[in-house]
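So the protein lines, in turn, are chains A and B.
For the first sequence, position 318 (counting from the first letter as 1) is numbered 445 according to the working numbering, and the numbering increases by one without interruption.
For the second sequence, position 205 (counting from the first letter as 1) is numbered 1154 according to the working numbering, and the numbering increases by one without interruption.
Even glycine gets a Cβ: it sits at the ideal position worked out from N, Cα and C.
Comments concern the structure below.
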Amino acid sequence: MFLFFLSSGMFLGWSLGANDASNVFGTAVGSRMLRFRTAAILCCVFVILGSVISGAGATHTLGKLGAVNAVAGAFVVAFSAAMSVYLMTLARYPVSTSQAIVGAIIGWNLFSGSPTDSNALSKIIITWIVCPILSGIIAVISYKVVSVFILKRKIHMFRLDEMTRYGLVLMGAFGAFALGANNIANVVGVFLPVSPFGYIELFGDFCVSPAQQLFFLGSLAISVGVITYSKRVMDTVGSGIFKLSPVMALVAVWAHSVVLFLFASQRLEQLLLDLGLPTLPLVPVSSSQAIVGAVVGMGLLKGRHNIRWRTVGGIAGSWVTTPIFACLISFICLFILQNVFQQTVYLP
Amino acid sequence: MAFISIFKNRTGIESEIDSFLNLASESGLIFMQGIDAYLLNNLDSFSEHLSHIVETEKEADTLRRSIEDLLYRKTLIPESRGDVLELIERMDALLGRFKGVMFRIEIERPNINSQFHTGLKSLSNCVIEAVESATLSLRSYFKDISQASDHIHKVAFWETEADKASTSLQKAIFNNNELGLDLKMQLRDLVRSIDKIADHAEDLADTLAIYVIKRSL
Chain A
128 MFLFFLSSGM
138 FLGWSLGAND
148 ASNVFGTAVG
158 SRMLRFRTAA
168 ILCCVFVILG
178 SVISGAGATH
188 TLGKLGAVNA
198 VAGAFVVAFS
208 AAMSVYLMTL
218 ARYPVSTSQA
228 IVGAIIGWNL
238 FSGSPTDSNA
248 LSKIIITWIV
258 CPILSGIIAV
268 ISYKVVSVFI
278 LKRKIHMFRL
288 DEMTRYGLVL
298 MGAFGAFALG
308 ANNIANVVGV
318 FLPVSPFGYI
328 ELFGDFCVSP
338 AQQLFFLGSL
348 AISVGVITYS
358 KRVMDTVGSG
368 IFKLSPVMAL
378 VAVWAHSVVL
388 FLFASQRLEQ
398 LLLDLGLPTL
408 PLVPVSSSQA
418 IVGAVVGMGL
428 LKGRHNIRWR
438 TVGGIAGSWV
448 TTPIFACLIS
458 FICLFILQNV
468 FQQTVYLP
Chain B
950 MAFISIFKNR
960 TGIESEIDSF
970 LNLASESGLI
980 FMQGIDAYLL
990 NNLDSFSEHL
1000 SHIVETEKEA
1010 DTLRRSIEDL
1020 LYRKTLIPES
1030 RGDVLELIER
1040 MDALLGRFKG
1050 VMFRIEIERP
1060 NINSQFHTGL
1070 KSLSNCVIEA
1080 VESATLSLRS
1090 YFKDISQASD
1100 HIHKVAFWET
1110 EADKASTSLQ
1120 KAIFNNNELG
1130 LDLKMQLRDL
1140 VRSIDKIADH
1150 AEDLADTLAI
1160 YVIKRSL
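Put into structure tokens, the structure is as follows:
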């Protein structure tokens, strides 16, 4: 039974890999600075490392809005999120896995009659609007600074190419590590309490915990998603919205990382509080929204006619439909699982 | 290992492009020396300069092929490599034109009256300055893009000067009643072929101006 329930987590992992790899390596592949194969291998290695090394500390969206208190219910939540992300991946749109999970949890809340924390929900929804705008602003400012730096330092064309390539590889590797660390809890976190794995000792004193084994399995699923299906969304992010130059590609990944940091750093929040400045809410934001915001921001800087607005409209539309889809799928599947398969999907 | 390989590729292609542009500059100077030698009727020296320019052109061709190979095999500067290749090929064609004019003189051995020597030297000088400015603009395109426009402007200036020198030389040729029409036409063609080098340098500069805008950050 465990393996059956775990399958939805694996499906979610696969969908996440297929969709979110584009956020860290899409611009590098789209600007032809990295080959897809190189990007995919780097992404897989660092996603696995991030999941196994830092995944244990990640507590993510699941449980924030409502505590899914039955394994069958958790299975449906993960499955609904995975299905909606998969559908958007088919349409080549970069969407947020967190958004999909939020939608699926609200579906569970509606079905089980549990209250939804409207305060947390409104906070999260506001960040869905603020995140791409902020990312776009940071990208534009960063790009201006980088442009002045390059002109002042008179960097040779080939040296600049080399520096940009290193930058994209480093940022991509770091982004993939963070992707694994932050999202692995979304993928397999709910299966931790029912995991049949035990501690494994390796090389004498090196011990692998059950959580790490589960995270490793989840990260493998993400890696399979990256290798088998991420190219489609990478193309949309890298060249579908606006044709990025390599420097722009690097700035886009940088802006996206800064935004994720701003919304996740407790130290920064404390610093702003100490200085008497307004703080940003510490909520999980979508890296897809951040990267798309950055790309659109730089496209606007270069003249808005350069942007393919039809693609941008499609992406923005997918951000609205993803949580709604996930909510509907979740509600319908919960109904079927409870009434047809006689499973307990929530505890009263 | 991949990082070391990127570093090696970068330093390799940088030095190859520098060497290629050095050869382009050199070929102009060799051309000028060759013309001077021919006008002084020093045919041995002229032949030496002709052999020198043939060698220079051959060396430039080898470098061009190597640059093309590195750019495409190692996928360097993916967004600009097509532009860079076109510019390198056009520059290589300029070298070929210097060689072509010298071969023309070697084959035809035209009898150039001393009254045209100053005009011919002046025309050659304008052409060489135009090519030198084109070389400098190409160097700036790689190293300091903000300077490229200044050199591009100078190419246009020297091309106009070359046109003026060419027109006045052709007028002088056809106003000379001592020369037969056959010699006049032979000299006119020689003058035109020298002037054409400056025209091609200007074409290169025009293309470069577009690529500079394209690459502007």
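Touching by the beta-carbon criterion (3+ pairs, under 8 Å), the region 360-375 of chain A and the region 214-222 of chain A: yes
Simplified DSSP state of I1026 of chain B, which is helix, strand or coil: coil
Supposed contact pair K279 of chain A and P408 of chain A - C-beta distance, whole angstroms, cut 8 Å: So it is not a contact: roughly 37 Å between Cβ atoms.
Option in A:L133, A:A201, A:L214 with minimal Cα separation from A145 of chain A: A:L214
Within-8 Å CB hit, F369 of chain A to chain B: no
Cutoff 8 Å: L1025 of chain B Cβ touching any chain A Cβ: yes
Cα-Cα separation, A303 of chain A to F318 of chain A: 23 Å
Sufficient close CB pairs (3 or more, under 8 Å) joining the region 380-389 of chain A to the region 298-316 of chain A: yes
Bridge partner(s) assigned by DSSP for V335 of chain A: A:I327
Where the alpha helix (DSSP H) containing P450 of chain A begins and where it ends: 436-466
Cβ-based contacts, 9 Å cut-off: residues of the region 1026-1045 of chain B near chain A: I1026, P1027, E1028, S1029, V1033
Contact between the region 281-301 of chain A and the region 371-381 of chain A (3+ Cβ pairs under 8 Å): yes
CB contact check: S1095 of chain B to chain A, cutoff 8 Å: yes
Ordered list of alpha helix (DSSP H) runs contained in the region 1053-1094 of chain B, each at least 4 residues: 1066-1092
Backbone CA spacing between T1156 of chain B and L1036 of chain B [nearest angstrom]: 8 Å
Residue-level contact to chain B via CB, H283 of chain A, 8 Å cutoff: yes
Rounded straight-line distance, which links the Cα of E1151 of chain B to that of L1043 of chain B: 11 Å
Three CB pairs or more closer than 8 Å across the region 343-352 of chain A and the region 225-238 of chain A: no
Residues that M215 of chain A contacts on chain B, provided the C-beta gap is smaller than 7 Å: Going along chain B, no residue has its Cβ under 7 Å from M215 of chain A, so there is no contact; the nearest lies around 28 Å.
Within chain A, partners of F1091 of chain B - CB distance below 7 Å: H283, M284
DSSP-derived helix/strand/coil call for G345 of chain A: helix
Straight-line gap, L237 of chain A to F330 of chain A (C-alpha atoms, nearest Å): 49 Å
Pick from A:A443, A:A167, A:A417, A:F202 that is closest to L139 of chain A, judged by C-alpha positions: A:F202
Residue closest to S313 of chain A, alpha-carbon to alpha-carbon, out of A:A205, A:Y473, A:N150: Reading off the sequence shown, one finds Asn at residue 313 of chain A, where the question assumed Ser. Per the Cα distances, A:A205.
Closer than 8 Å to chain B by CB, M298 of chain A: no
Bounding residues of the alpha helix (DSSP H) (the contiguous stretch that carries E289 of chain A): 284-315
Positions along the region 1107-1131 of chain B whose CB lies within less than 7 Å of some CB in chain A: none
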